[in-house]
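Numbering (the numbering used here), first residue to last: 12 to 319. Accompanying notes for the structure given below.
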Ligand code: AN0
Ligand code: CP
């Protein structure tokens, strides 16, 4: 593995999930990388990714350096050949090449602007890191994908040992525009398992075709949830009417809807607005903290692979 930007950097998803589950039963291997350093660069907020990646590195014996670029760094320029006499103070090329002197693996979190679809889907920030880095790059959620989350989700699903699980990825309400990254990525990973996957979303909230290819799409949420083993819920803003949010819709997941499933489990990557995305009683009986725990082992297995 050279970088970890998407599922395409993984040759055998089920082997990776298995190795992560093994690590979970024996997580402390401080001899694996005692002289190595992980750098974590955040352009946007994070709780889970920040803490689980640090914990994963510590389990392997690594040191960690965390940088909140927008708060503590110089304002970065991304344009090539720009005369930098305006607001930007350091070129991303110099920043990334410098960081490469200090760390052995570099993680980066960068959200989309949700205004210019083409620009977001070109992954400009992530690609500039890949282009200039002299060390492997790990996506800590990019404009369009969140592979560490998806791997943790697959670990969580695998642990339930359901032979051919029926999984529904359901859109849910949210007052602010959110990225499509978690949902895109979840589909891209789960499609490589033997699960039966349905996407449930209001009309106009379908995801990009490259992710929904081969996935059944339903606009009736409750119909889609019938018999499901897992209801993976997430809000995302519109891909078609890029960045638009929905009018108020009765798509909040509640106990009555969960009763339609096959005694199914509710999943969400967190953070989540309670009683908007799902009701308290659904969240309190869900897999969300198991998913959060598995973020450690998804990061740990990826770091281990990148170092070997
Ligand atoms: C982000 C998102 O929807 O992509 C991060 C999720 C892990 N969520 C928010 O910004 C609330
Ligand atoms: N699920 C997730 O990535 O959470 P954070 O944004 O808090 O890192």
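Idealized CB from N, CA, C, for every residue including glycine.
Candidates the options: closest to residue i by CA position
i: residue 82; options: 54, 68, 107; result: 54
i: residue 220; options: 234, 245, 132; result: 132
i: residue 127; options: 311, 251, 64, 171; result: 251
i: residue 208; options: 217, 218, 225, 216; result: 225
i: residue 143; options: 103, 242, 233; result: 103
i: residue 119; options: 153, 41, 227, 314; result: 153
i: residue 269; options: 297, 287, 255, 108; result: 297
i: residue 66; options: 79, 49, 56, 80; result: 49
i: residue 272; options: 180, 309, 299, 186; result: 180
i: residue 274; options: 33, 176, 95, 94; result: 176
Nonlocal neighbours in the same chain, by C-beta distance under 8 Å from residue i, ignoring five residues either side
i: residue 231; result: 211
i: residue 266; result: 290, 292, 293
i: residue 285; result: 291, 294
i: residue 318; result: 43, 44, 47, 71, 115, 116
i: residue 346; result: In the structure as shown, the chain begins at 12 and stops at 319. Residue 346 is therefore absent and cannot be evaluated.
i: residue 18; result: 24, 158, 161, 196, 199, 200, 203
i: residue 217; result: 210, 223, 228, 250, 251
i: residue 10; result: Summary: the structure shown does not reach residue 10, with the chain confined to residues 12 through 319, and so no result is reported for it.
Element boundaries [beta strand (DSSP E), containing residue i]
i: residue 241; result: 241-245
i: residue 180; result: 177-182
i: residue 227; result: 227-229
i: residue 120; result: 116-120
i: residue 276; result: 276-278
i: residue 148; result: 148-150
i: residue 3; result: The structure shown does not extend to residue 3, since the chain spans only 12 to 319, so no value can be given for it.
Own chain, CB closer than 6 Å to residue i, minus 5 neighbours either side, in chain order
i: residue 77; result: 51
i: residue 227; result: 209
i: residue 16; result: 150
i: residue 136; result: 121
i: residue 173; result: 240
i: residue 28; result: 165, 166, 169
The alpha helix (DSSP H) enclosing residue i, as first and last residue numbers
i: residue 308; result: 299-318
i: residue 168; result: 158-170
i: residue 236; result: 232-236
i: residue 209; result: First-last for residue 209: 207-211, but that is the beta strand (DSSP E), not the alpha helix (DSSP H).
i: residue 48; result: Here residue 48 belongs to no alpha helix (DSSP H); instead the beta strand (DSSP E) covers 48-53.
i: residue 294; result: 291-294
i: residue 201; result: 192-201
i: residue 250; result: Segment: none, residue 250 is in no alpha helix (DSSP H) and carries neither H nor E.
Close beta carbons around residue i, own chain, < 7 Å, minus the five adjacent residues each side
i: residue 59; result: 281, 303, 306
i: residue 222; result: 195, 198, 199
i: residue 214; result: 230
i: residue 321; result: What is shown of the chain runs 12 to 319, which leaves residue 321 out entirely.
i: residue 301; result: 167
i: residue 254; result: 125, 126, 188, 248
i: residue 315; result: 43, 71
i: residue 146; result: 111, 114, 115, 116, 117
i: residue 35; result: 308
i: residue 12; result: 20, 316, 317
i: residue 79; result: 53
i: residue 341; result: Because the chain spans 12 through 319 in this model, residue 341 falls outside it and cannot be assessed.
Is the region 192-200 close to the region 233-242, with three or more CB pairs under 8 Å?
no
For the region 175-193 against the region 154-167, do three or more pairs of beta-carbon atoms, one drawn from each stretch, fall closer than 8 Å, so that the two count as touching?
yes
Would you check if there are 3 or more beta carbon pairs closer than 8 Å linking the region 15-30 to the region 86-100?
no
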